[in-house]
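Working notes for the structure below.
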Amino acid sequence: MTFDEAREIVAREDGPTWPGPGTFYVHTEGREDDTRYLVPAGAYEDLVEHRLEFLNMEPVARFVDKQTGILTHEPLTPQLDDIAAMREVTSDAR
Amino acid sequence: MTPEGLALAEAHDRAQRTNTAEALLTVAALFTATLDPADLDRTFRRYSLLAARAINDRRANGSRLAQAFYRALRALEARNPVPYPDIPFARPVPAAALQTSLAVTGPVAAKRRIAQGLDAASALADVLPQTLGSVSRHVENGGRETVRLAVKADPVARAYARRSSGRPCAFCAMLIGRGPVYKNADTGSFRCHDHCRCSAVPVFEGDEGWTEQAREFNDLWYDSTTRTYGQQGKQRAFFEAYNGKRPPARIPAQRKAVDDLPKIAGGPGRTIDEARLSNPHYDNVNGDPAYGVNCTHVAQTVELRARGYDVQATRLPDRFYNGIEGKGRNAREVLDSLYRTPDGGSAGARLVHVKGGKRGVDAIVQEWPEGARGQVVVSWKASEGGGGHIFNVEKRGGKAVYIEGQTSKDIAEKADASGYFPRAEHRWVARTDDLVIRDDANLSEFVVARGTKIEPPSPAKRYNDEVRDIQAKVKALYAERREVQRSRPTNSTEAHARQAKMADMAAEIQRELDKLADIKARYVGTGGRR
């Protein structure tokens, strides 16, 4: 599974039910390790424009399992150490 | 302030009054004995020299009384008093300034009355209260100045608060209602008038510093100025409300939200030591994830605990987070919903964007008085997941200490939040210790009494429990399918059997994935929406 395939899974599964505020956006940069991708997604106004009024104070980390394609959501802040240990990955679409 | 501290402040007020009364008796006696109504110009010189000496003697005595008061209160109230042996001494009033003051309120005022037709003796008697008002200000400023200078130089003093032992004038009531904000060059000078009965009371770190009197006047300011604009208009509205000329815009009779919060026995603790008590149901491995995404609640809990309230954080309400998606709370909205500035302004507007990473925030906190607290908002790098976090900061020992309360782990290991800065893309900071809790704050959504048992499982917890087994089963099926795929059939029968098994497993995987989709569909839409 490529990072872009993982991005598609996130867009397909979370995009239609995105509660807002803002415009749903799947970021072109993420992280990976041997078993999963971290696919950042959320409000474009937060991820790209960094506007405080769109900043999600309780973000979830979206992990896509490379083997199964299963998307899981976990509170992000407690995962920071694990995320920092993952490798950077960039979309081909970028 | 503790009841013992308040008793000390009241005793100090009484001692200052006695000291001032001695000065007034002396000056009144000199005024009567040395000033000749028939020859004011010639007799004023001797009078003013003697009166000035008496005033400065009593002023020095007032300064000594304030030194003793400061030392005693500091020992009683400061949590971690570093040695501070040299409490400043108030300087005497310069002779020229005293002579002018005594002349203006004595012979000059008397001559004006004589010119209006009053006889000289009556004119002098008439202006004596003016002189004594001025004398009381000079003498009492000795104590006030001593406290002001001591607070300014003391690393463990947050500020001084103004208090009055009588019913103050409207102007003084307004200043008292600002609470413990007086320390730096902008706010530090003690503005007072003749006959003023106000005194300066130091407030040390860990103490909220709001007296009942200050709260009363602050509430009146808030109530009487909410529909008024401009500083002059607000002052006028407050003065009229204080003097009973018009009722406050809102009737402050309702029970305040903060009245329902339990207090920490023995007064507020040190913020950093209290942090680990703020979110006891946090368990990142097996716990309810809604306690891992409640940073907006935890930051307020840490602040409230520092104010002496014995509370712990609630989990994030279901409408903000369903285990799949969370909208989270907006930091500015949270601050605005719970607090206001002492003059009734927006608490959320205090969040200012900071450039320069941790050093930028350090520099802002450096400007705060010792013991001041605040909240820091950071946004994570987008490539690491995005979103943001809020945590607390306190100025301690002249430095910013960053505090993470969203953990119940060992405090030394997890409570230091300074490690967040390299991972943050943007930062905002607001001072919060001097904010006033709004009467209508919905505190029960953010905090409960400490010791409250864990709340019923959140949708996030129920969702996780439902999908965990299915996710594990899908993973196992994939692994098994890979093994089957790797097998090498030796004949056509085995090849057919392998193909059939692969197809069965693919169908089973799809069934499990459909189950996951169904569960997700059930949860999405039940939460995560405002």
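So the protein sequences, as listed, match chains A and B.
In terms of the numbering used here, the first sequence is residues 1 to 94.
In terms of the numbering used here, the second sequence is residues 1001 to 1530.
Just so it is clear, CB atoms sit at the ideal spot from N, CA and C, and this is done for glycine as well.
On a predicted model such as this, the values are computed, not experimentally measured, just so you know.
Under 9 Å between beta-carbons, which chain B residues line up against residue i? List them in chain order, please.
| i | result |
| --- | --- |
| R31 (chain A) | S1383, E1384, G1385 |
| T23 (chain A) | The contacting residues do not exist; T23 (chain A) stays about 13 Å from chain B at best. |
| E88 (chain A) | S1383 |
Is it right to say residue i is buried, meaning 16 or more other beta carbons lie within 10 angstroms of its own, or is it exposed?
| i | result |
| --- | --- |
| D1207 (chain B) | buried |
| R12 (chain A) | exposed |
| P19 (chain A) | buried |
| E1303 (chain B) | buried |
| P1252 (chain B) | For P1252 (chain B), the predicted model reports a pLDDT of 43, less than 50, meaning its position is unreliable; a value from the coordinates is still stated below. It counts as exposed. |
| P1248 (chain B) | Bear in mind that the predicted position of P1248 (chain B) carries a pLDDT of just 49, short of 50, making it unreliable; the figure below should be weighed with that in mind. Buried is the call here. |
| Q1312 (chain B) | buried |
| V60 (chain A) | buried |
| K1520 (chain B) | buried |
| A1023 (chain B) | buried |
| L1263 (chain B) | Reading off the sequence shown, one finds Lys at residue 1263 (chain B), where the question assumed Leu. Classification for K1263 (chain B): exposed. |
| T1432 (chain B) | buried |
| Y1229 (chain B) | exposed |
| P1094 (chain B) | exposed |
| D1410 (chain B) | In this predicted model, D1410 (chain B) has a pLDDT of only 47, less than 50, meaning its place in the structure is not dependable enough to derive any value. |
| K1453 (chain B) | exposed |
| Q1406 (chain B) | buried |
| Q79 (chain A) | buried |
| D1469 (chain B) | exposed |
| P75 (chain A) | buried |
| Q1300 (chain B) | buried |
| Q1254 (chain B) | In this prediction, Q1254 (chain B) has a pLDDT of 44, which is less than 50 and means its spatial position is unreliable; what the coordinates show is noted afterwards. Under this definition Q1254 (chain B) is an exposed residue. |
| R87 (chain A) | exposed |
| T1314 (chain B) | buried |
| K1355 (chain B) | exposed |
Taking C-beta pairs closer than 8 Å, name the residues in chain A that residue i reaches, listed in chain order.
| i | result |
| --- | --- |
| P1289 (chain B) | E74, P75 |
| L1316 (chain B) | E58 |
| K1358 (chain B) | Per Cβ cutoff of 8 Å: no residues; K1358 (chain B) is ~16 Å from chain A at best. |
| S1337 (chain B) | Here the premise fails: no neighbours, minimum Cβ distance about 13 Å. |
| I1390 (chain B) | M57 |
Interface residues of chain B around residue i at Cβ under 8 Å?
| i | result |
| --- | --- |
| D4 (chain A) | Simply none; closest approach about 15 Å. |
| V48 (chain A) | A1382 |
| I83 (chain A) | E1384, G1385 |
| A61 (chain A) | G1385 |
So which of the options has the shortest CA-CA distance to residue i?
| i | options | result |
| --- | --- | --- |
| T1308 (chain B) | B:R1450, B:V1108, B:F1044, B:L1516 | Residue 1308 (chain B) is actually Gly in this sequence, not Thr. For the residues B:R1450, B:V1108, B:F1044, B:L1516, the minimum Cα distance to G1308 (chain B) belongs to B:R1450. |
| Y44 (chain A) | A:P59, A:H27, A:I70 | A:H27 |
| L1040 (chain B) | B:D1433, B:A1109, B:T1211 | B:A1109 |
| W1221 (chain B) | B:S1278, B:Q1232, B:A1237 | B:A1237 |
| A1517 (chain B) | A:D14, A:Y37, A:F3 | A:D14 |
| F1446 (chain B) | B:A1015, B:C1295, B:R1396 | B:C1295 |
| S1444 (chain B) | B:A1015, B:F1190, B:S1337, B:Y1478 | B:S1337 |
| G1374 (chain B) | B:G1385, B:W1380, B:G1388, B:R1350 | B:R1350 |
| R1079 (chain B) | B:R1042, B:V1203, B:R1486 | B:V1203 |
| E1139 (chain B) | B:A1123, B:S1101, B:R1488 | Before going on, a small fix: residue 1139 (chain B) reads as Val here, not Glu. Closest option to V1139 (chain B), Cα to Cα, is B:S1101. |
Report the neighbours of residue i on chain A: residues whose CB is nearer than 9 Å to its CB, in chain order.
| i | result |
| --- | --- |
| C1295 (chain B) | M57, E58, T77 |
| R1332 (chain B) | L52, E53 |
| K1475 (chain B) | D65, Q67, T68, I70 |
| E1425 (chain B) | H50 |
Following the continuous alpha helix (DSSP H) through residue i, name the residue where it begins and the one where it ends.
| i | result |
| --- | --- |
| P75 (chain A) | Per DSSP, P75 (chain A) belongs to no alpha helix (DSSP H); it is in the beta strand (DSSP E), 71-75. |
| Y1321 (chain B) | No alpha helix (DSSP H) holds Y1321 (chain B); DSSP gives it neither H nor E. |
| A1441 (chain B) | Per DSSP, A1441 (chain B) belongs to no alpha helix (DSSP H) and is neither H nor E. |
| W1221 (chain B) | 1212-1225 |
| R31 (chain A) | Note, R31 (chain A): premise wrong, no alpha helix (DSSP H); beta strand (DSSP E) at 29-32. |
| R1042 (chain B) | 1040-1077 |
| Y37 (chain A) | No alpha helix (DSSP H) holds Y37 (chain A); the beta strand (DSSP E) holding it covers 36-38. |
| S1492 (chain B) | 1492-1523 |
| S1337 (chain B) | 1331-1338 |
| V1027 (chain B) | 1003-1034 |
Please report the residue range of the beta strand (DSSP E) in which residue i lies.
| i | result |
| --- | --- |
| A43 (chain A) | 41-43 |
| E1425 (chain B) | 1424-1431 |
| E88 (chain A) | 87-90 |
| F1391 (chain B) | 1388-1396 |
| C1192 (chain B) | It is not in any beta strand (DSSP E) - C1192 (chain B) carries neither H nor E in the DSSP assignment. |
| K1399 (chain B) | 1399-1403 |
| H1281 (chain B) | Per DSSP, H1281 (chain B) belongs to no beta strand (DSSP E) and is neither H nor E. |
| F63 (chain A) | 60-65 |
| F1204 (chain B) | 1198-1204 |
| F151 (chain A) | A query on residue 151 (chain A) cannot be resolved here, the shown segment of chain A reaching from 1 to 94 and no further. |
So which residues of chain A does residue i contact, with C-beta pairs closer than 7 Å?
| i | result |
| --- | --- |
| V1524 (chain B) | T17 |
| F1320 (chain B) | E58 |
Would you say residue i touches the ligand ZN, meaning its beta carbon is less than 7 Å from a heavy atom?
| i | result |
| --- | --- |
| F1069 (chain B) | Among the ligands in the structure shown, none appear at all, so the ligand ZN cannot be discussed. |
3 or more residues per run - each beta strand (DSSP E) lying fully within the region 1103-1177 of chain B: 1157-1164
Positions along the region 1459-1471 of chain B whose CB lies within less than 7 Å of some CB in chain E: Protein chains in the displayed structure are A and B, and chain E is not among them.
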